[in-house]
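14 is the number of the first residue of the sequence shown in our numbering; add one for each residue after it.
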Amino acid sequence: MKSILVTGGAGFIGSHFIKILLSRHDDLKLINLDALTYAGNPANLKEVAHHPAYHFVEGNIADPELVKDLFEAHDFDYVVNFAAESHVDRSIDDAGIFVQTNVAGTQILLDAARAAWSVPGDARGVPRYRDGVGFLQISTDEVYGTLGSRGRFKETSPLAPNSPYAASKAAADMMARAYFNTYNLPVMVTRSSNNYGPGQYPEKLIPLMILRALKKKSLPVYGDGQQVRDWIHVRDHCLGIERVLFRGRPGEVYNIGAVNERKNIEVIELILKILGEETSLITTVQDRLGHDRRYALDSQKITDELGWSPQVPFEAGLEETVAWYENHPDWWLAGSGGKD
Ligand SMILES: NC(=O)c1ccc[n+]([C@@H]2O[C@H](COP(=O)([O-])OP(=O)(O)OC[C@H]3O[C@@H](n4cnc5c(N)ncnc54)[C@H](O)[C@@H]3O)[C@@H](O)[C@H]2O)c1
């Protein structure tokens, strides 16, 4: 029986990951530590709320006492750190909580893992850990910054984050690297491109546009709408995370993308087409400060090393996502999606 700490599991990606993991493994105990910020929603996990292997703890990853107590109580073998402030616009308004949660919170989790997993070092005092443990930091392609019209980010590309959100994720990503290099802690990092799918908080592009189109309200597009994002379905991302968690190599970074570049305006037009709405709903608003122009990921490493590849075609995944929001007004009316 393996014991896993998942943080931020009441959010969009973490909740999909928990449901996927519990459906595919019957030898796990899974603890979800989530602070239930505005982005955390227990309704995302109602299917597993009573699963015998699933336990929810409401709390903050940046609380060292709580994290230490959880390690003592549950003897975790793995940590998967999704918990984060995740919205670029909010980080532009106020970066403080992004540093607190994304950077300090990650360091506190890394320290707790180091303390809990430590066994006597070798003769030269090099730290060692018990067998079968691993820490997976969920990072993002935004740490690489922006691309011109050509090329893709590889795991070896330099980090050049442009928003406070991306900078905080890059700092956490580098902290994970440092704990591997300094302390030998078995840490891995995944960097994924933009996710979409059911249950994403409606401040992000795709659910925001779906809900506004459903309400026949204007669809605000930043600047010229020509920003390119590389979209991956959340289930494909979660299956990639599972691969890295159980089979990845400590100290390594794995990009997880679906080679699916779309301009924002194209994504919005496709949503309108699926819903049978007019493009006249689209309006232009002033561009986001420091808005990255293009992201694109090279994910050949995870395919070559771990045999992962994305399965969900974008058009089918987007249709499924639109249908999910159409069929779950109870979910979004209970959150801020009802107000917009
Ligand atoms: N959404 C994407 O497209 C995307 C792409 C690449 C990487 N990521 C990364 O994946 C992770 C999950 O993203 P998401 O879109 O699911 O985010 P989300 O905003 O939907 O969920 C974040 C979750 O973390 C919880 N949380 C926030 N602060 C916390 C704290 N201090 N302690 C405990 N829990 C806390 C929230 O309550 C929420 O449940 C993040 O680390 C994000 O940077 C996201």
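Every residue, glycine too, gets a C-beta built ideally from N, C-alpha and C.
With hydrogens ignored, establish whether the beta-carbon of N73 is closer than 7 Å to any heavy atom of ligand 1.
yes
Report yes or no: do three or more beta-carbon pairs, one from the segment 83-92 and one from the segment 114-130, lie closer than 8 Å?
yes
Just mark M201 as buried or exposed, buried being the case when its beta carbon has 16 or more other beta carbons within 10 Å.
buried
Measuring only the C-alpha atoms, how far is V241 from D135?
49 Å
Measuring straight from C-alpha to C-alpha, what distance separates L122 and P77?
8 Å
Cβ contact (3+ pairs, closer than 8 Å) linking the segment 178-189 and the segment 102-119
yes
Where A309 and D243 are concerned, what is the direct C-alpha to C-alpha distance, given to the nearest angstrom?
5 Å
Can you tell me the Cβ-Cβ gap for T91 and G21, rounded? I've got them flagged as a contact below 8 Å.
Correcting the residue identity first, residue 91 is Tyr in this sequence and not Thr. Contact flag wrong, Cβ pair sits at about 15 Å.
Option nearest D300 by Cα separation, candidates W345, H68, N57 and I105:
I105
Starting from P215, trace the beta strand (DSSP E) in both directions and tell me its first and last residue.
Per DSSP, P215 belongs to no beta strand (DSSP E) and is neither H nor E.
Apply the 10 Å Cβ neighbour rule to V298 and answer buried if 16 or more other Cβ atoms are within range, or exposed otherwise.
exposed
Bridge partners of P233, per DSSP?
T296
Decide if the segment 283-298 is in contact with the segment 56-69; the criterion is three or more beta carbon pairs, one per stretch, under 8 Å apart.
no
Which residues does DSSP list as the beta-bridge partners of K59?
Answer is none; K59 lacks a bridge partner.
heavy atom of ligand 1 below 7 Å from I121 C-beta
no
Cβ of T20 versus every heavy atom of ligand 1: is any distance shorter than 7 Å?
yes
Could you tell me the distance, in whole angstroms, from the CA atom of T169 to the CA atom of N207?
19 Å
Would you call the segment 328-341 and the segment 141-155 touching, i.e. three or more CB-CB distances under 8 Å?
no
Is E291 buried or exposed, if buried means 16 or more other CB atoms sit within 10 Å of its CB?
exposed
Would you mind stating whether V247 and G210 have Cβ atoms separated by less than 8 Å?
yes
Taking 8 Å as the cut-off, decide whether the C-beta atoms of G261 and L319 are in contact.
yes
Spatial neighbours of D88 within its chain, please: CB distance less than 6 Å, with the 5 preceding and 5 following residues excluded, ordered by chain position.
S16
Beta carbon of Y235: closer than 7 Å to some heavy atom of ligand 1?
no
When you compare only the Cα positions, how much space is there between G330 and Q313?
22 Å
Less than 8 Å between the C-beta atoms of Y178 and F111, yes or no?
yes
From the DSSP secondary-structure annotation, give me the bridge partner or partners of D47.
E71
Do you know how far the Cα of I278 is from the Cα of N194?
42 Å
Mind reading off the beta-carbon distance from L43 to V19? Whole number of angstroms is fine, and I expect it under 8 Å.
6 Å
With DSSP as the reference, label G264 as helix, strand or coil.
coil
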